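In the working numbering, the protein residues as written are 436 to 823. We put the CB at the ideal spot given by N, CA and C, even for glycine. These figures come from a predicted structure and were not determined experimentally.
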């Protein structure tokens with residue numbers, strides 16, 4: 436069987452292109468020839484893999500990785516992307532080749548999962564999503580993931596994932612979470628990242644995967660704050676000083692204290708980081724939490740000076756709170772009693788309406804009386820008590 440396999444046409448062509456790649460690398464030292472021959476090599480390997488079990492998966496993964504690496508080296512030497520005769524860029528050709536490998540694994544009819552090529556499907560999908568992000572073709576990435584969802588493997592489990600492929604599952608879950616963030620599917624993005632963290636916990640030496648853990652937590656922490664208002668315990672923060680500085684000491688401190696000025700400063704200061712990690716819009720939406728916490732504090736203070744009607748809070752009281760929080764200094768808060776406020780009553784009313792619609796505040800607005808009437812039972816509900 437092995438002799439007939441090695442003598443088959445697909446494998447004989449594969450060996451021929453392997454020698455061509457070796458000559459391009461070690462004899463000609465030509466990056467263009469290497470890229471072209473490697474594209475052909477991976478294409479022939481894909482054809483050979485169609486009739487094989489998953490023993491061939493490591494070769495498919497390694498050759499695809501080499502193809503991506505050669506493309507990256509080659510692209511750094513060029514100021515502009517090159518296109519072939521059909522109008523496809525070099526990166527698109529890489530994507531098409533890896534897409535073929537993905538489909539071969541996806542459509543493997545082998546019912547025995549121990550020998551099915553579906554075991555390595557997450558590597559190819561993760562690679563495709565990364566490429567489609569670079570090409571700004573997220574719809575293609577989403578369509579690829581829909582194909583995987585049809586197999587029931589969108590969120591894999593540790594039990595069903597071979598040890599040698601778990602690192603690829605983690606990579607897939609990270610980029611899949613980015614797609615969910617792009618769709619504002621925050622609960623799903625959180626579930627994917629939590630699963631990725633579970634896979635990381637399988638490693639015996641956590642220090643070896645600390646960089647991966649930090650990358651996952653960079654997305655997971657704002658999701659936890661947005662979805663559940665929760666964060667990390669102090670002993671965990673100390674293991675990730677960069678995350679501690681960005682989130683605990685700046686963004687989360689601003690949100691929890693209702694400090695609008697500090698929130699805007701954090702948003703501006705870390706804007707590039709948030710954009711690069713695809714969480715900028717999520718952080719922008721967290722301003723609602725900052726405003727909610729500010730109004731919670733303002734309403735508590737107002738209740739202490741109006742004990743007979745603590746649940747009826749005038750817009751003017753919240754105007755002063757927003758003014759004080761925006762400027763961030765005590766003097767401006769006192770001056771606002773005598774000067775025109777930069778925030779109008781209508782703006783405060785609009786913010787309150789959005790917070791009520793978002794179920795962050797329970798109550799109703801009285802436009803004629805310029806006040807909000809808070810619910811007497813839990814006017815600022817906890818996330819778990821809010822109906823989905």
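CA-to-CA distance, residue j to residue i, given in whole angstroms
i           : j           : result
residue 452 : residue 599 : 27 angstroms
residue 446 : residue 488 : 15 angstroms
residue 662 : residue 621 : 7 angstroms
residue 634 : residue 776 : 52 angstroms
residue 798 : residue 685 : 30 angstroms
residue 728 : residue 677 : 25 angstroms
residue 720 : residue 484 : 46 angstroms
residue 513 : residue 750 : 59 angstroms
residue 771 : residue 761 : For residue 771, the pLDDT reaches just 47, beneath the cut-off of 50, and the residue's location in the model is therefore unreliable, although a value from the coordinates is still provided. Each residue's Cα considered, the two are about 12 angstroms apart.
residue 767 : residue 757 : Residue placement at residue 767 is flagged as unreliable, the pLDDT there being 47, under the threshold of 50; the coordinate-derived value follows with that caveat. Approximately 11 angstroms, taken between the alpha carbons.
residue 738 : residue 807 : 13 angstroms
residue 538 : residue 655 : 30 angstroms
residue 795 : residue 710 : 26 angstroms
residue 583 : residue 541 : 7 angstroms
residue 734 : residue 524 : 58 angstroms
residue 470 : residue 546 : 36 angstroms
residue 675 : residue 517 : 41 angstroms
residue 482 : residue 529 : 16 angstroms
residue 378 : residue 552 : With the chain covering 436 to 823 only, the question about residue 378 has no answer from this structure.
residue 534 : residue 596 : 21 angstroms
residue 809 : residue 801 : 11 angstroms
residue 817 : residue 606 : 33 angstroms
residue 506 : residue 682 : 36 angstroms
residue 594 : residue 812 : 45 angstroms
residue 785 : residue 732 : 19 angstroms
residue 565 : residue 532 : 14 angstroms
residue 464 : residue 458 : 8 angstroms
residue 449 : residue 717 : 47 angstroms
residue 679 : residue 624 : 21 angstroms
residue 619 : residue 672 : 26 angstroms
residue 632 : residue 744 : 48 angstroms
residue 637 : residue 630 : 11 angstroms
residue 456 : residue 502 : 11 angstroms
residue 454 : residue 504 : 19 angstroms
residue 490 : residue 550 : 7 angstroms
residue 773 : residue 705 : With a pLDDT of only 45 at residue 773, under 50, the local geometry of the prediction cannot be trusted, and the value read off the model is given with reservation. The straight-line gap from Cα to Cα measures roughly 35 angstroms.
Backbone secondary structure at residue i - three-state DSSP
i           : result
residue 776 : coil
residue 637 : coil
residue 510 : helix
residue 523 : coil
residue 817 : coil
residue 794 : coil
residue 486 : coil
residue 532 : helix
residue 538 : helix
residue 495 : helix
residue 789 : helix
residue 545 : coil
residue 741 : coil
Paired residues, beta bridge with residue i - DSSP
i           : result
residue 808 : 747, 799
residue 518 : 524
Proximity test, Cβ basis, 8 angstroms: residue i and chain E
i           : result
residue 613 : In the displayed structure, chain E is absent; only one protein chain is listed.
Which parts of the region 441 to 472 are runs of the alpha helix (DSSP H), unbroken and 4 residues or longer, counting only runs that do not cross its ends?
DSSP runs (the alpha helix (DSSP H)) wholly in the region 441 to 472: 444 to 457.
Measuring CB atoms only, is the region 475 to 482 touching the region 494 to 503, in the sense that at least three cross pairs come out at less than 8 angstroms?
Enough Cβ pairs lie closer than 8 angstroms, so yes.
Decide yes or no for the touch test of the region 693 to 702 against the region 642 to 650: beta carbon pairs closer than 8 angstroms, at least 3 of them.
Too few Cβ pairs lie closer than 8 angstroms, so no.
Taking only runs of the alpha helix (DSSP H) that begin and end inside the region 550 to 632, which ones reach a length of at least 4 residues, in chain order?
Every unbroken stretch of the alpha helix (DSSP H) spanning 4 or more residues and falling wholly within the region 550 to 632 is given here in chain order: 556 to 570, 573 to 584, 601 to 617.
Pairs of beta-carbons, one from the region 588 to 597 and one from the region 570 to 579, closer than 8 angstroms: are there three or more?
Verdict: no, contact absent.
Is it the case that the region 649 to 662 contacts the region 715 to 724, given that we only count it when at least three CB pairs across the two stretches are under 8 angstroms?
Counting C-beta pairs closer than 8 angstroms gives three or more between the region 715 to 724 and the region 649 to 662, which meets the contact rule.
Secondary structure, alpha helix (DSSP H): runs of 4+ residues fully inside the region 638 to 721
DSSP runs (the alpha helix (DSSP H)) wholly in the region 638 to 721: 645 to 663, 669 to 672, 687 to 692, 695 to 704, 706 to 711, 715 to 720.
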